[in-house]
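Participant: In my numbering, the protein residues as written are 1392 to 1675. C-beta atoms are modelled at their ideal positions from N, C-alpha and C, and glycine is treated no differently.
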């Protein structure tokens, strides 16, 4: 038998086993592939379960909205459901779209921009609606103007002026709501009812703005106070509409804990976050 020349390794004879190191490397690659496959299957399974939850929860919400409308003698088509997506990722918004949601709300301009960029890879969601529902700083207005259907949070005349100016710069008309602190809570932002009355004509005259109505938030876990807050917003809207000769059709009020009360008191848009996206939230 010929010996291999010094300094050179002979190839392993045909049919012999690979070295322990080679076997170990192959085993690790196979294990990684199997883990990746299992992770993909688990992820797909979780997405299917979450999609099913979103669809079931939407049906439950719509049923309760219909009940509130019936109690108030209203048509269900009068109320828009806004899914507040501020705490979920782009993937969850895409699944919510599959489940039937069409309108979403964000409270931070940076997160709004991130969502819009992320959803650009979802052509099936062309036409998705986003609203800005949170406090808006003047240095963030450019992220919002032209990118949302409705700005709910015009909480001062200074902000109204700034949104008007940026809207003209961008060549758009921004549909807006005046945020009114009907309950008088110090922790909440917004105009007082008197400030809304005094500022109405000013806002109506601003170029680049289209005033659509009012928005408010009620104290949590106080149903009676919430009802008074929502009815107070409706009464203020009716007063301002009569004074201005404008319809002011949108009343944005009602969240996860009190949206049925809000609908009974005239809300035309409810903003639901936990109710929509959190499987652990108990829908009342």
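Let me make sure I understand the geometry here. Which of 1633, 1461, 1554 has the alpha-carbon closest to that of residue 1588?
Facilitator: Here residue 1588 refers to the residue found at position 197 when the chain shown is read from its first residue. Checking every option, the nearest Cα to that of residue 1588 belongs to 1633.
Participant: One question on the structure: do residue 1554 and residue 1545 come within less than 8 Å of each other, judged by their Cβ atoms?
Facilitator: On the chain shown, residue 1554 is found 163 positions in, with the first residue counted as 1. On the chain shown, residue 1545 is found 154 positions in, with the first residue counted as 1. Yes, the Cβ-Cβ distance between residue 1554 and residue 1545 is below 8 Å.
Participant: Just the C-alpha distance for residue 1552 and residue 1624, rounded to the nearest angstrom, thanks.
Facilitator: Within the chain shown, residue 1552 is the residue found at index 161, counting from 1. Within the chain shown, residue 1624 is the residue found at index 233, counting from 1. Whole-angstrom Cα-Cα distance: 23 Å.
Participant: Would you give the residue range spanned by the beta strand (DSSP E) that residue 1497 belongs to?
Facilitator: One-based indexing of the chain shown puts residue 1497 at position 106. Looking at the DSSP string, the run of the beta strand (DSSP E) that includes residue 1497 is 1494-1497.
Participant: Report, in whole angstroms, the separation of the C-beta atoms of residue 1609 and residue 1574, which I expect to be a contact under 8 Å.
Facilitator: Translated into positions along the chain shown, residue 1609 becomes position 218. Translated into positions along the chain shown, residue 1574 becomes position 183. Right, the Cβ-Cβ distance comes to about 6 Å (below 8 Å), so this counts as a contact.
Participant: Using 10 angstroms around the beta-carbon of residue 1640, count the other beta-carbons present and answer buried if the total reaches 16, otherwise exposed.
Facilitator: Along the chain shown, one-based indexing puts residue 1640 at 249. The residue is exposed, with fewer than 16 neighbouring Cβ atoms inside 10 Å.
Participant: On the three-pair Cβ rule with 8 Å, is the stretch 1475-1487 touching the stretch 1455-1464?
Facilitator: At 8 Å Cβ cutoff, the stretches do not touch.
Participant: If you draw a straight line from the C-alpha of residue 1490 to the C-alpha of residue 1602, how long is it?
Facilitator: One-based indexing of the chain shown puts residue 1490 at position 99. One-based indexing of the chain shown puts residue 1602 at position 211. Computed Cα separation, rounded: 31 Å.
Participant: Please state if the CB of residue 1508 and the CB of residue 1476 are separated by a distance shorter than 8 Å.
Facilitator: Residue 1476 sits at position 85 when you count from the first residue of the chain shown. Residue 1508 sits at position 117 when you count from the first residue of the chain shown. No.
Participant: Could you tell me the alpha carbon to alpha carbon distance between residue 1441 and residue 1450, rounded to whole angstroms?
Facilitator: Locating residue 1441 in the chain shown gives position 50, counting from the first residue. Locating residue 1450 in the chain shown gives position 59, counting from the first residue. C-alpha separation (whole angstroms): 14 Å.
Participant: Could you compute how far the alpha carbon of residue 1500 sits from the alpha carbon of residue 1533?
Facilitator: The sequence position of residue 1500 within the chain shown is 109, counting from 1. The sequence position of residue 1533 within the chain shown is 142, counting from 1. Answer to the nearest angstrom: the Cα atoms are 9 Å apart.
Participant: Look at the Cβ atom of residue 1580, then the Cβ atom of residue 1572, and state whether they are nearer than 8 Å.
Facilitator: Taking the first residue of the chain shown as 1, we reach residue 1580 at position 189. Taking the first residue of the chain shown as 1, we reach residue 1572 at position 181. Cβ atoms of residue 1580 and residue 1572: closer than 8 Å.
Participant: I need the boundaries of the beta strand (DSSP E) containing residue 1657, first residue and last residue.
Facilitator: Here the question's residue 1657 lines up with position 266 in the chain shown. Careful: residue 1657 lies outside any beta strand (DSSP E) and carries neither H nor E.
Participant: Have a look at residue 1570 and residue 1548 and give me their C-alpha separation to the nearest angstrom.
Facilitator: As a first step, residue 1570 must be located in the chain shown, where it is residue number 179. As a first step, residue 1548 must be located in the chain shown, where it is residue number 157. Their Cα atoms are separated by approximately 11 Å.
Participant: Would you kindly check if the distance between the Cβ of residue 1627 and the Cβ of residue 1605 is under 8 Å?
Facilitator: If you number the chain shown from 1, residue 1605 lands on position 214. If you number the chain shown from 1, residue 1627 lands on position 236. The answer is yes: Cβ separation under 8 Å.
Participant: Given residue 1584, which residues of its chain have a CB within under 7 Å of its CB, disregarding the five upstream and five downstream residues?
Facilitator: Here residue 1584 corresponds to residue number 193 of the chain shown, with the count starting at 1. Closer than 7 Å at Cβ, skipping near neighbours: 1571, 1573, 1627.
Participant: Sorted by chain position, which residues of the same chain lie with C-beta nearer than 8 Å to residue 1672's C-beta, five sequence neighbours on each side aside?
Facilitator: Sequence index remark: in the chain shown, residue 1672 carries index 281 (1-based). Closer than 8 Å at the Cβ level, and outside the excluded window around residue 1672, lie 1647, 1665, 1666.
Participant: Which residue's Cα is closest to the Cα of residue 1615: 1560, 1593, 1631, 1653?
Facilitator: Indexing the chain shown from 1 puts residue 1615 at position 224. Nearest option by C-alpha distance: 1653.
Participant: Leaving out the 5 sequence neighbours to the left and right, which residues in its chain are closer than 6 Å to residue 1645 when beta-carbon positions are compared?
Facilitator: In the chain shown, the residue the question calls residue 1645 occupies position 254. Within the same chain, residue 1645 has close Cβ partners 1653, 1658, 1661.
Participant: Taking the beta carbon of residue 1593 as the centre, do at least 16 other beta carbons fall within 10 Å, making it buried, or is it exposed?
Facilitator: Along the chain shown, read from residue 1 onward, the residue named residue 1593 stands at position 202. Its Cβ having fewer than 16 others within 10 Å, residue 1593 is exposed.
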